[in-house]
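Before any comments, here is the structure.
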Amino acid sequence: MPPKKPNKTLVDESTATAAADYTAPDDPIPTAISLVSDSPSTTKHMRSARSTSTPKSVGYESPLKKLRKTMGQHTPRKIIDTIDSLRNFIKDTDVGNKQIRDSIRIQARLLWFTPETIGEYHFLRLYLGEQQAPEPLRQQQREFQAAQRDDPFETNQYLITLSLYEVSPDDPHLPAPGSVISFSPTKLSIYRNCCQVNAKLSAITIINEP
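If you're matching positions, the sequence shown starts at 25 in our numbering and goes up one per residue.
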C-alpha cells in the first residue's frame, strides 16, 4: 500500500500554534559584524601621529618662554659717565651689595695705565677720564701726569682709578689709551675723595677705539 500523505491541515495548524506560542527574547539577536582592517598607509600615519605628538601639561611653560619673560622684566643698567656721578653713587648706595654694583656700568676714556705692586699683589692701574672732556688725549696725559707728580691725591680726585689684578701691561686684550670703555665694577670705594674701582679685564667692553 502506498504510504499515507500527512494531513496538510494538521501540519499547518501545529505550525501556526507553535508560532503563536513563541515569545521573542528580551535581548535582540546579535548581528554579525564584518571587521575591516586599516590599510598599511593609514596605520603608518596613525603610528606616526602618536609618536610625534607630545602631551602638554596644563599650565606648562617652556624654558624659552620663561627666558623671554625674565628678560622683559630686566631693568636696563644705569650708565655713569662722569666722576661726580660716580662719587655720589658710591656715597649714596650700598656698593657692598653685588646686585647694586651690577646695576651700573661705568663709561669713561682710558688715558694711560701703569703696572704697580703692593706687597704680594701685582696689578695694573688704569687712569680714566671723562669721555666728554674736549681736550685731546696727549694734552690730558701730559697735564694729569705732571699734576700727579706734584700731588697725586689732589690730581686723582679728577680721575677714576681702575685696578686690574694679575694683568700684565702687554696683555693683548687691554684696550688702547684713548679708547672709550664700559664695564661693571667688582668693587667701589672712595679714598681721600678719589674714586677707586676694581674690575675684571673680561668685563671691559670697548665702545670707541682711538
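A virtual CB, placed ideally from N, CA and C, is assigned to each residue, including glycine.
Task: beta strand (DSSP E) segment containing E272, residue limits - done: Outside the displayed range of the chain (25 to 234) lies residue 272, so it cannot be described from this structure.
Task: Identity of the residue in G83, T138 and I107 nearest D195 by Cα - done: T138
Open item on the list: Quick check on G153: does DSSP put it in helix, strand or coil?
Closed with: strand
Open item on the list: Please state whether the Cβ-Cβ distance between L88 and F147 is less than 8 Å.
Closed with: Their beta carbons are not under 8 Å apart, which means L88 does not touch F147 by this criterion.
Task: Rounded distance between the beta-carbons of Y182 and I107, thought under 8 Å - done: The pair is a contact, with the Cβ atoms about 7 Å apart (cut-off 8 Å).
TODO: Please state if the CB of C219 and the CB of L110 are separated by a distance shorter than 8 Å.
DONE: yes
Open item on the list: My output table needs one value for T106: the three-state DSSP class, helix, strand or coil.
Closed with: coil
TODO: Determine the extent of the alpha helix (DSSP H) in which Q163 is found, giving its start and end residues.
DONE: L161 to D174
TODO: Just mark L34 as buried or exposed, buried being the case when its beta carbon has 16 or more other beta carbons within 10 Å.
DONE: Its pLDDT being 44, under 50, L34 is placed unreliably in this model, and the value from its coordinates should be taken loosely. Label assigned to L34: exposed.
Open item on the list: I need the DSSP call for F147, collapsed to helix, strand or coil.
Closed with: strand
Task: 8 Å Cβ cutoff met for P201 and P234 - done: yes
Open item on the list: Below 7 Å, is the gap between the Cβ of L135 and the nearest heavy atom of the ligand MG?
Closed with: In the structure on display, the ligand MG does not appear, and there are no ligands present to speak of.
Open item on the list: Mapping the DSSP letters down to three states, classify S226 as helix, strand or coil.
Closed with: Under the three-state reduction of DSSP output, S226 falls in the helix class.
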